[in-house]
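Residue numbers (the numbering used here): 3 to 298. Ideal Cβ placement from N, Cα and C applies to all residues, glycine included. One structure is given here, and the rest of the page talks about it.
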Amino acid sequence: MAASDRPVEVWRLPEEDVRAGRRAVTWTVGPQGELAVLLVPERYLAPAGSWPSARLPFDGEVVVRGPQGEWRVPVTGAGVPPDLLALLPGGRVLIAGARADRTADGWERNGQVFGPDGGLARELQLGDDVQALITDRDGRIWLAFGDEGNYGENPLAQRGLLGLDTAGRTVWQPDFKALGDHPLEGLAAATEGRRAWLAWYGDRSHLTGIDPAEDEPVVMRLPARQPIGFAIAGDRAVFLQPGGELIRCERESRKGWREVRRERVGVLGELDRYRAYGRDGALWFRSGNGWFRVAA
């Protein structure tokens with residue numbers, strides 16, 4: 003699916019799902035550019051503005067739209083808040099709650115992996131106050147945490163930025179000296195080939211690129227103050243602001259970007275101001291019941 007430099011609608015929640023009372027509660031984009039949307043029947047939904055957004059446990063289904071067409075993965079008895087969604091190899095889906103409570107024997111598992119048949123395959127502890135989560139082609143899980151995690155007691159979240167494997171083992175953690183700052187708040191995540199990108203801020207705003215095959219991460223300044231999502235393609239990047247503004251940039255040095263222009267997304271509907279995802283130079287975002295893609 004070729005990306006465009008203007009937003010293109012990729013998928014819209016079908017009217018039959020709307021009439022059947024199924025609502026999109028969270029979404030993501032997989033490593034191969036597959037749009038995935040978690041639909042939950044209204045009977046499980048909590049009142050608007052409540053957390054969690056669904057009563058636990060809940061059933062639902064994940065609609066996946068990829069290069070090979072569209073299919074649905076059932077989810078049965080999900081026991082974590084549907085705050086975040088990710089795709090894993092083998093047709094598996096990860097549902098994650100942003101927060102995790104401390105228990106008598108450690109920290110509760112706030113991530114659940116479901117197999118293609120909808121059955122629960124694994125539970126994971128993903129840290130507390132997860133603000134951004136994305137998976138890569140090899141199934142690694144990349145996370146950025148919020149201030150309550152960074153300065154809380156959860157040992158995973160205290161690292162600010164983190165890479166885990168599908169068993170929940172740490173495969174990457176930051177060296178704060180190399181980052182030049184200590185994370186305070188995670189913002190958004192993207193991938194570009196083998197590299198995972200995490201946007202965050204501490205004393206300043208940063209963009210960190212991690213390639214597991216390289217010894218040191220790429221450390222750059224973040225040209226947009228608090229983007230909800232971004233995409234990078236070599237020397238080009240696009241950042242989406244909460245107000246619906248796209249900031250296009252070109253790389254001007256090894257550590258910085260130069261703003262080229264700003265433009266409005268120019269699509270109908272209310273913009274999802276919490277998340278957008280970058281995959282190999284294409285930025286995906288939601289507005290109303292439509293999902294859109296725009297090229298960096």
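Asked, Found
"Spatially closest choice to G162 from L47, E18, A190, A278, by CA coordinates", "A190"
"Assigned secondary structure, E17 (DSSP; H/G/I helix, E/B strand, else coil)", "helix"
"Endpoints, the alpha helix (DSSP H) within which D149 is located", "149 to 152"
"CB contact flag (T210, L200, <7 Å)", "yes"
"Counterpart residues of I234 in DSSP-defined beta bridges", "A239"
"Euclidean distance between Cα positions of V65 and W73", "6 Å"
"Distance, D61 Cα to G2 Cα", "In the structure displayed, the chain extends from 3 to 298; residue 2 sits before or after that span and is not available."
"When L158, V173, A159 are compared against G165, the one with the closest alpha-carbon", "V173"
"Residues near N291 by beta carbon distance below 8 Å, same chain, minus five either side", "R14, L15, V20, A26, G271"
"Beta-carbon spacing of G129, L158 below 7 Å", "yes"
"Expected contact under 8 Å - CB spacing of D138 and A180 to nearest Å", "Not confirmed; about 20 Å, so no contact."
"Beta-carbon separation (whole angstroms), P244 vs R275, contact threshold 8 Å", "5 Å"
"Sequence ranges, beta strand (DSSP E) only - wholly within the region 55 to 119, length at least 3", "60 to 68, 71 to 80, 86 to 90, 94 to 98, 113 to 116"
"Within 7 Å, strictly: CB atoms of V42 and R295", "no"
"Cβ neighbours of A146 in the same chain (closer than 6 Å, five flanking residues each side left out)", "Q133, A134, L163, G188, L200, W202"
"CB of A235 within 7 Å of CB of A298, strictly", "yes"
"Near the ligand ADP: G71 beta-carbon under 6 Å from a heavy atom", "The model on display carries no ligand, and the ligand ADP is accordingly not part of it."
"Close Cβ partners of N152 (< 7 Å) along its chain, the five nearest in sequence each way excluded", "A159, Q160, G162, P185, L186"
"CB contact flag (L58, G35, <7 Å)", "no"
"Other residues of its chain near P39: CB distance less than 6 Å, five sequence neighbours each side excluded", "Reading off the sequence, residue 39 comes out as Val, not Pro. A26, W29, V65, listed in sequence order."
"Alpha-carbon spacing of W53 relative to G182, whole angstroms", "35 Å"
"Euclidean distance between Cα positions of R94 and G280", "20 Å"
"Beta-carbon spacing of N358, G99 below 7 Å", "The shown model of the chain, from 3 to 298, leaves out residue 358, and the question about it has no answer."
"Beta-carbon contacts of R227 that lie in its chain and below 7 Å, excluding the five residues immediately before and after", "S207"
"Expected contact under 8 Å - CB spacing of R238 and E252 to nearest Å", "6 Å"
"Separation of A233 from V240, as counted between CA atoms", "5 Å"
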